[in-house]
Amino acid sequence: ETGVTQSPTHLIKTRGQQVTLRCSSQSGHNTVSWYQQALGQGPQFIFQYYREEENGRGNFPPRFSGLQFPNYSSELNVNALELDDSALYLCASSQSLLAGGRTGELFFGEGSRLTVL
Amino acid sequence: DAKTTQPTSMDCAEGRAANLPCNHSTISGNEYVYWYRQIHSQGPQYIIHGLKNNETNEMASLIITEDRKSSTLILPHATLRDTAVYYCIVRAYSGAGSYQLTFGKGTKLSVIP
């Protein structure tokens, strides 16, 4: 059973640029969510995808967008990067309760660390 | 989701039980208590969750008070590898299957040799 994998692990961008982060969910999981973790803080929910549609969003502006593909992998896109976007971006997968998932447990990847200069 | 309060940091001697408290006085009847931990430079890891009964698994035990306003995560024999930030989260299942978790700052547990 493969776990959640994210790429790239580290990247550096400059203000105003755009970035795409990728996530492969754990085998058998159909729900993917993304979190942003600033240094010294707990992870903050960005949004979640189920059946290729966004079905939950946290307090993040529209320049944060995402996609989920038929194989349940996902992308997080951030446009017009700002210095405050520097953070660890975490992807988590789970099996939806609607599809028979039981515990609601999230399985997190190791994250992509983004630095905006 | 209800808010939780945890101590900022705790120390525990290696081999002893680590007891991590969490207050959630505004918890609703349909909200579960979840515990996750995050070892430095890794993604959060699920530990355990419960509704009102005490729960135990291979990693830890979860004790929830009868009024459900507080809980304690117990690591029975702490090892150096248990040094991490521990997050207590309360949330309800969403009918749409949403798994939004609201993380606070958690408790930094340091296991001392």
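So the protein lines, in turn, are chains A and B.
Position 8 of the first sequence, counted from 1, bears residue number 8 in the numbering used here, the numbering being contiguous throughout.
Position 48 of the second sequence, counted from 1, bears residue number 1048 in the numbering used here, the numbering being contiguous throughout.
Backbone N, C-alpha and C fix where the C-beta goes; we use that ideal spot for every residue, glycine too.
It should be emphasised that the depicted structure is a prediction, and the values quoted were computed from it without experimental measurement.
Could you check whether A1084 (chain B) and K1105 (chain B) sit closer than 9 Å to each other, using their CB atoms as the reference points? Going by C-beta atoms, K1105 (chain B) is not nearer than 9 Å to A1084 (chain B).
Starting from the C-beta of I1112 (chain B), find all residues in its chain whose C-beta is less than 8 Å away, skip the five residues before and the five after it, and write them out in chain order. The answer, listed in chain order, is D1011, C1012, A1013, E1014.
Drop a sphere of 10 angstroms on the beta-carbon of D1082 (chain B), count the other beta-carbons inside from all chains shown, and report buried for 16 or more, exposed for fewer. Counting other Cβ atoms within 10 Å of its Cβ, D1082 (chain B) reaches 16 or more and is therefore classed as buried.
Rounded to whole angstroms, what is the Cα-Cα separation between T1056 (chain B) and L1062 (chain B)? Their Cα atoms are separated by approximately 6 Å.
Chain A residues whose Cβ lies nearer than 9 Å to that of Y1086 (chain B): Those within 9 Å of Y1086 (chain B) in chain A number zero; the least Cβ separation is about 11 Å.
Looking only at C-alpha atoms, which of A:Y50, A:I46, A:S73 sits nearest to S65 (chain A)? Taking only the C-alpha atoms, the option nearest S65 (chain A) is A:I46.
Any C-beta of chain B sitting closer than 9 Å to the C-beta of P43 (chain A)? Interface flag for P43 (chain A) against chain B is set, since a Cβ pair is found closer than 9 Å.
Is L106 (chain A) closer than 9 Å to W34 (chain A) when the C-beta atoms are compared? The Cβ atoms of W34 (chain A) and L106 (chain A) lie no closer than 9 Å to each other.
Three-state secondary structure (DSSP) at R1068 (chain B)? Three-state result, R1068 (chain B): coil.
Where DSSP assigns a beta bridge to T1083 (chain B), which residues make up the other side? T1083 (chain B) is not bridged by DSSP to any residue.
Limits of the unbroken beta strand (DSSP E) element including E54 (chain A): Looking at the DSSP string, the run of the beta strand (DSSP E) that includes E54 (chain A) is 53-57.
DSSP has N1023 (chain B) in a bridge; who is on the other side? DSSP lists B:T1005, B:S1070 as partners of N1023 (chain B).
Pick from B:N1023, B:I1048, B:A1060 that is closest to E1066 (chain B), judged by C-alpha positions: Of the listed residues, the one whose Cα sits closest to E1066 (chain B) is B:N1023.
Are there 16 or more other CB atoms within 10 angstroms of the CB of Q18 (chain A), so buried, or fewer, so exposed? Result: exposed.
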